[in-house]
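First comes the structure, then the notes that go with it.
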Amino acid sequence: MVFFWRRLSPEDIDVILARHLPLSNLLERDSDDFELSSADSIMDVVLTKTKEDDFEGVIEIELNDQLYVNTQNLPPNIVASLKRSATFANPEFFKLQQMRFSTWKTPRYIFCGSTNGNQIVLPRGNLDFCKDLGEELGGEVIIHDTRPKFRRKRIKFKGELRTDQKKAVKEMVKHDFGVLVAPPGVGKTVIGCYMIAKRKLSTLVLVHRKPLMDQWIDRIGDFLDIDPKEIGSFGGVRKKPKGKIDVAMLQTLSKLEDSSDFLSQYGQVIIDECHHIPAVSFEEVLKKIPAKYFLGLTATPIRKDGLQAILYMQCGPIRYEMEDYGAKNLQKRVLVRETNFRLDQGISEQLPIHEIWNQLVECSERTELIASDVEACINEGAFPLIISDRKEHLVKLVDAISKRLKTRAEPLLLVGDMGKKERQTIFEKIEAFTSDSKPFYVLSTGSLIGEGVDLPMLDRLILATPISFKGRLKQYVGRLHRPYDGKKSVRVYDYLDPEMGLTISMFKKRISAYRNMGYEVESSAGQKVDRLVFQQDLFSEFRA
531 MVFFWRRLSP EDIDVILARH LPLSNLLERD SDDFELSSAD SIMDVVLTKT KEDDFEGVIE
591 IELNDQLYVN TQNLPPNIVA SLKRSATFAN PEFFKLQQMR FSTWKTPRYI FCGSTNGNQI
651 VLPRGNLDFC KDLGEELGGE VIIHDTRPKF RRKRIKFKGE LRTDQKKAVK EMVKHDFGVL
711 VAPPGVGKTV IGCYMIAKRK LSTLVLVHRK PLMDQWIDRI GDFLDIDPKE IGSFGGVRKK
771 PKGKIDVAML QTLSKLEDSS DFLSQYGQVI IDECHHIPAV SFEEVLKKIP AKYFLGLTAT
831 PIRKDGLQAI LYMQCGPIRY EMEDYGAKNL QKRVLVRETN FRLDQGISEQ LPIHEIWNQL
891 VECSERTELI ASDVEACINE GAFPLIISDR KEHLVKLVDA ISKRLKTRAE PLLLVGDMGK
951 KERQTIFEKI EAFTSDSKPF YVLSTGSLIG EGVDLPMLDR LILATPISFK GRLKQYVGRL
1011 HRPYDGKKSV RVYDYLDPEM GLTISMFKKR ISAYRNMGYE VESSAGQKVD RLVFQQDLFS
1071 EFRA
C-alpha cells in the first residue's frame, strides 16, 4: 500500500482545530507568540549584564550609509550588546517549529548587521541605542559624521497643513531618522512634500509600485513650487533622474549595478509604504544610501511575517503616530452577513487554500448575496467599494450586480494589469462626479486599492473574499475614512462562511481589528456570528 503525505499549512492547522475543538477554544491566538518573545528576552540578558558594569572608555562610530563601530578597544560584553541591538528572533523559525517542520535551513535569530575585523557594521536606526548604551555605562560616544553634505535647494511649499499634520511635522523634523505612522487619508504624501521644502535638500522618494510613483510625481508638482522638468523618475523603462527631487521604484534600484554613485547624490530619502522595506532586495538598497535624513511613511508598520524590526533598523523608530483624521466624527458599523457556502459534498477542508477559494468564488448564492448588498448601497445613495483578491471573481460580481441594477449605476473595475491611461480614465470619472452624475460602484483587487489610492467619496466597503491580516484590513477600511462633504457614516459588509473552520478563524481576527478601529459589529439575531462576536468580546475583556 502506498501512502501520500503532504505538509500542513497554517491554514490547514486552523481547519483541523476548528473541526475538532469547541468554539470557545478557537478564540484568536495571541500574535505575540510565547516562544518568540521568550527568545528575544533571552537575548536581552546580554544587555542587562552589560549595563551592570561601568565603562569609562570611548565608543567610536562612523556615521555614513550605516554605522561603523570600532571594536578594537571595546570589552566583549559591549560588543555583544551592540550586536544584540541588530538581532531579533526569527518569526519564521518558531512558526516552522510549532508545526513540527524542519528548521535546519532557517536561522533562529536574524542579525541585520555584519562584522569585519575590528569593526561592527550596524543599521542606521540603531544610532539611538548606541548613544543610550554609552550614556548608561558612563562612557563616551564619539560620532564621526562622514555623510555627504549638499547645498540647500530653492524649494517652497505651496499648500497649507492642517493642525494634525503640523503636529506630526513638528515631531518628525527633530530627528534625522524615523517613521511616521499615519492612517489612510490623513495626507502622508502632503507631509512628505512639506518635509522636502522644509529641509531643502536633494530628495529621493522611494516607492514599490508604479501607481505610487506616478502619484508622487503629481503631488510634488501640486504642492511644491518647482519646475516640473526638475522632477525626475527612475522606475521600469523610465530612467530620467534629475538629482533635485527624484521618485524611484525600489525594484529598479535593486537591479541597478554599481548604484553607489547614484544613491550618494541625495541629502534626504523618503520611503512611502515603508513597511515593505524588510524585503531583502529593498533592504539592500537602503544599506547603500548615505543620506542625512530618512523619513519612513506607513499606515501599517506591523507585518504579517513579523519582520518589522528590519523596518525600524533601516528607517529609524516610530517617532509619531497620527490619529485617523477622517474617522473622528463618523458613525462606523460592520454588517456581518452569513453565507450558505460549503465545500462540495465529499470534499475535505484539507484542500489547498487556493482550491477552497476557487469553490468560494464560484458559489452563485454567495455572489447573489453580495450583489444584493451592492444594490442596497446604490439604492440608498452610497458609494460602495468591492474588494476581492481575484480578478475573475470581480468579473462575476460585475455581471451579477449589473443584472440587478441594469443601467442605474456604472461599474468601475480596477485591476493590476490595467494600463496607466485606462486607470486614469476611471479616476477622472470619479473626480468629475457631481450630484447629477450617474451613480457608480468600484470593484478592485486588494493589491491595487490597498496603497496610494485616493477615492474620498467611498463610504461602503464590501469584503467579497475573506482576509485575516489586520494590517490589510486596516488599509482597506481606511479607504472609507477620507473626508468628503456630507459623509456622516461608513459601513463594512463582512461575509462569514460559517461552515468552515478556516473562515471562522479568519473572521475572529477581523472582529478584533474592527473593534480596534472603533467599529460596531452588527448581525441578524440567532446567527452563529452572534455567538462568535460575543465570545470574542468576552475574550477581549478578559485579556484587558
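Numbered by this note's numbering, the letters in the sequence shown go through residues 531 to 1074 in order.
Built from N, CA and C at the ideal position, the CB exists for glycine as well.
Assigned secondary structure, Leu991 (DSSP; H/G/I helix, E/B strand, else coil): Looking at Leu991 - three-state DSSP - the assignment turns out to be strand.
State the DSSP-derived secondary structure class of Phe1037, mapped to helix, strand or coil. Phe1037 falls in the helix class under three-state DSSP.
Would you say Lys688 reaches chain B, if we count a Cβ-Cβ gap shorter than 8 Å as a contact? The structure shown contains no chain B; it holds only a single protein chain.
Measuring alpha carbon to alpha carbon, tell me which of Val864, Ala619, Arg934 ends up nearest Arg1040. The candidate whose alpha carbon is nearest that of Arg1040 is Val864.
With 16 other CB atoms within 10 Å as the buried threshold, where does Ser1035 fall? Its Cβ being crowded by 16 or more others within 10 Å, Ser1035 is buried.
To the nearest angstrom, how far is the alpha carbon of Pro771 from that of Met948? Approximately 25 Å between the Cα atoms of the pair.
Helix or strand or just coil, what does DSSP make of Arg849? Correct three-state label for Arg849: strand.
Residue ranges of each beta strand (DSSP E) within the region 805 to 851, 3 or longer: Runs of the beta strand (DSSP E) inside the region 805 to 851: 823 to 828, 848 to 851.
When burial is assigned at 16 or more other CB atoms within 10 Å of the CB, is Ala616 buried or exposed? With 16 or more Cβ atoms within 10 Å of its Cβ, Ala616 is classed as buried.
Among residues of its own chain, excluding the 5 on either side of Phe905, which ones have a beta-carbon nearer than 8 Å to its beta-carbon? Reading the sequence as shown, one finds Glu at residue 905 and not Phe. For Glu905, same chain residues with a beta-carbon under 8 Å away, outside a window of 5 residues either side, are Ile931, Arg934, Leu935 in chain order.
Would Gly668 be called buried (16 or more neighbouring beta carbons within 10 Å of its own) or exposed? By the beta-carbon neighbour count (other beta carbons within 10 angstroms, threshold 16), Gly668 is exposed.
Along the chain, where does the beta strand (DSSP E) containing Ile931 start, and where does it finish? Element bounds for Ile931: not the beta strand (DSSP E) but the alpha helix (DSSP H), 921 to 935.
Please classify Glu1086: is it buried, with 16 or more other beta-carbons within 10 angstroms of its beta-carbon, or exposed? In this structure the chain extends from 531 to 1074, so residue 1086 is not present and cannot be described.
Enumerate in chain order the residues of its own chain whose CB-to-CB distance from Leu754 is below 8 Å, with the five nearest sequence positions on each side excluded. Cβ neighbours of Leu754 beyond the five flanking positions: Ile685, Lys686, Phe687, Lys688, Cys723, Ile726, Ala727, Ile775.
C-alpha gap between Leu710 and Arg833, whole angstroms: The alpha-carbon atoms of Leu710 and Arg833 are separated by roughly 16 Å.
Mind reading off the beta-carbon distance from Val891 to Arg920? Whole number of angstroms is fine, and I expect it under 8 Å. Sure, about 6 Å apart at Cβ, within 8 Å.
Buried/exposed call for Ser611, threshold 16 Cβ in 10 Å: Classification of Ser611: buried, given that the 10 Å Cβ count is 16 or more.
Can you tell me which of the three DSSP states Val588 falls into? Looking at Val588 - three-state DSSP - the assignment turns out to be strand.
Roughly how far, in whole angstroms, is the beta-carbon of Thr975 from the beta-carbon of Gly1001, given that I think they are within contact range, below 8 Å? Actually they do not touch by this definition, with Cβ atoms about 17 Å apart.
Just to confirm, are Ser732 and Phe680 a CB contact at a threshold of 8 Å? At the C-beta level, Ser732 and Phe680 come within 8 Å of one another.
Would you check if the region 880 to 894 and the region 912 to 927 touch, i.e. whether three or more CB-CB distances between them fall below 8 Å? Touching, per the Cβ criterion.
Other residues of its chain near Gln795: CB distance less than 7 Å, five sequence neighbours each side excluded: Closer than 7 Å at Cβ, skipping near neighbours: Ser732, Gly773.
Would you call the CB atoms of Phe812 and Leu780 closer than 8 Å? In contact: Phe812 and Leu780 (Cβ atoms closer than 8 Å).
Starting from the C-beta of Gln596, find all residues in its chain whose C-beta is less than 7 Å away, skip the five residues before and the five after it, and write them out in chain order. Once the five neighbours on either side are set aside, the close Cβ partners of Gln596 are Val651, Leu652, Pro653, Arg654, Lys817.
Helix, strand or coil for Leu860, going by three-state DSSP, please let me know. Assignment of Leu860 by DSSP, reduced to helix, strand and coil, places it in the coil class.
What's the gap between the Cα of Ile900 and the Cα of Leu927? Cα atoms of Ile900 and Leu927: separation of roughly 8 Å, rounded to the nearest angstrom.
DSSP three-state call for Tyr1025: helix, strand or coil? In the structure shown, Tyr1025 sits in a strand (DSSP, three-state: E or B).
Ile685 in three-state terms, based on DSSP: Under the three-state reduction of DSSP, Ile685 is assigned to coil, being neither helix nor strand.
Residues of its chain near Ile672, where Cβ-Cβ distance is below 8 Å and the 5 sequence neighbours each way are ignored: Counting only Cβ-Cβ distances below 8 Å, and skipping sequence neighbours, we find Val588, Ile589, Glu590, Ile591.
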